[in-house]
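Asks: Just dropping this structure here.
Chains as they are written, first to last, in this note's numbering: chain A, 5 to 117; chain B, 22 to 132.
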């Protein structure tokens, strides 16, 4: 069974631009969560989607948004990029919201210049 | 709010010895705890977990201990191997809510 895939793997943008990241969960998994990883901060929870609905949201500004499609694939969008948005963005999927273990994709490395 | 803390950013251990990675949490409502391992350029991979109703869970060379009264968990790796060198994240969740991660500890196992 294929793992979680994320595209693109690397991305370079400039301040003020917007970006869309994509995540395809493990087949059959319906919950998708997004995390931001920066040095020294660990993984910061962004949001979780299940059945095309946002279920949980972390403490990030409204510039960060996401959505989930009927096939469970998810996208994350960041508008008006700032230098501080440079990070590794990780997507994780799990079978259902009652499932404890999440499986991560390789991440998208976003660099904002 | 850093509800899960890994106070040691790095740890260096000799091959064959025990590695002990520590994690503290502040929210007593957490009911499930996990450890993930992360290699560079890869996403975290699940290692081992423990429910709050237990105080120990073992899987091969990896054992997780949970001390609820101290709000502390630890991961023991015995014996440590060079391939264990990675960043280790502890995570906690409650009632199917979002998972909270620590900042990670970089483990280096020297041959």
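Using N, Cα and C, we set each Cβ at its ideal position, and we do this for glycine too.
If residue 98(B) sits next to residue 83(B), beta carbons under 8 Å apart, how far is it from one beta carbon to the other, in whole angstroms?
Replies: Counting from one through the second chain, the residue named residue 98(B) turns up at place 77. Counting from one through the second chain, the residue named residue 83(B) turns up at place 62. Yes, they are in contact, since the Cβ atoms of residue 98(B) and residue 83(B) sit about 6 Å apart, within 8 Å.
Asks: With DSSP collapsed to three states, give me the class of residue 4(A).
Replies: In the structure as shown, chain A begins at 5 and stops at 117. Residue 4(A) is therefore absent and cannot be evaluated.
Asks: Quick check on the DSSP output: the beta strand (DSSP E) that includes residue 93(B) runs from which residue to which?
Replies: Translated into positions along the second chain, residue 93(B) becomes position 72. Segment 93 to 98, the beta strand (DSSP E) holding residue 93(B).
Asks: Where does residue 33(B) land, buried or exposed, given buried means 16+ other C-beta within 10 angstroms?
Replies: Locating residue 33(B) in the second chain gives position 12, counting from the first residue. The residue is exposed, with fewer than 16 neighbouring Cβ atoms inside 10 Å.
Asks: If contacts are defined as beta-carbon pairs under 8 Å, then residue 35(B) and residue 131(B) qualify, I think. What distance do you get, rounded to the angstrom?
Replies: One-based indexing of the second chain puts residue 35(B) at position 14. One-based indexing of the second chain puts residue 131(B) at position 110. With a Cβ gap of about 6 Å, residue 35(B) and residue 131(B) count as contacting.
Asks: Three or more beta-carbon pairs under 8 Å between the segment 58 to 65 of chain A and the segment 36 to 46 of chain B, yes or no?
Replies: no
Asks: Would a check of beta-carbon distances place residue 108(A) closer than 8 Å to chain B?
Replies: As a working note, residue 108(A) is residue 104 in the first chain. Taking Cβ atoms only, chain B reaches closer than 8 Å to residue 108(A), which makes this a yes.
Asks: Taking Cβ to Cβ, would you say residue 86(A) is nearer than 8 Å to residue 24(A)?
Replies: The sequence position of residue 86(A) within the first chain is 82, counting from 1. The sequence position of residue 24(A) within the first chain is 20, counting from 1. No, Cβ-Cβ distance for residue 86(A) and residue 24(A) is not below 8 Å.
Asks: Let's test the definition: count the other Cβ atoms within 10 Å of the Cβ of residue 77(B) and tell me whether it reaches 16, buried, or not, exposed.
Replies: Within the second chain, numbered from 1, the residue matching residue 77(B) stands at position 56. By the neighbour-count criterion, in which a residue is buried when 16 or more other Cβ atoms sit within 10 angstroms of its Cβ, residue 77(B) is exposed.
Asks: I need the straight-line Cα distance from residue 112(B) to residue 58(B), nearest angstrom please.
Replies: Counting from 1 along the second chain, the entry for residue 112(B) is found at position 91. Counting from 1 along the second chain, the entry for residue 58(B) is found at position 37. Computed Cα separation, rounded: 11 Å.
Asks: For the segment 85 to 96 of chain A, which residues have a beta carbon sitting closer than 7 Å to at least one beta carbon of chain B?
Replies: So the list reads 94, given in the order they occur along the chain.
Asks: Assuming residue 22(A) and residue 81(A) make a contact with CB atoms under 8 Å, what is their CB distance in whole Å?
Replies: Locating residue 22(A) in the first chain gives position 18, where the first residue counts as 1. Locating residue 81(A) in the first chain gives position 77, where the first residue counts as 1. The pair is a contact, with the Cβ atoms about 7 Å apart (cut-off 8 Å).
Asks: So which residues on chain B does residue 49(A) lean against when the C-beta distance must stay under 9 Å?
Replies: In the first chain, the residue the question calls residue 49(A) occupies position 45. Chain B residues near residue 49(A): 119, 120, 121 and 122.
Asks: Going by alpha carbons, who is nearest to residue 33(A) out of 84(A), 73(A) and 83(A)?
Replies: Locating residue 33(A) in the first chain gives position 29, where the first residue counts as 1. Nearest C-alpha to residue 33(A): 73(A).
Asks: Can you find the residues in the same chain that come closer than 6 Å, C-beta to C-beta, to residue 63(B), ignoring five residues on each side of it along the sequence?
Replies: Walking along the second chain from the start, residue 63(B) turns up at place 42. None.
Asks: How many angstroms separate the CA atom of residue 56(B) from the CA atom of residue 26(B)?
Replies: For this step, residue 56(B) is matched to residue 35 along the second chain. For this step, residue 26(B) is matched to residue 5 along the second chain. Residue 56(B) and residue 26(B): Cα-Cα distance of roughly 13 Å.
Asks: Mapping the DSSP letters down to three states, classify residue 87(A) as helix, strand or coil.
Replies: Counting from one through the first chain, the residue named residue 87(A) turns up at place 83. It is helical.
Asks: Which one or two residues does DSSP pair with residue 77(B) in a beta bridge?
Replies: For the purposes of this step, residue 77(B) is taken as residue 56 along the second chain, with counting starting at 1. According to DSSP, which records beta bridges pairwise, residue 77(B) is partnered with 86(B).
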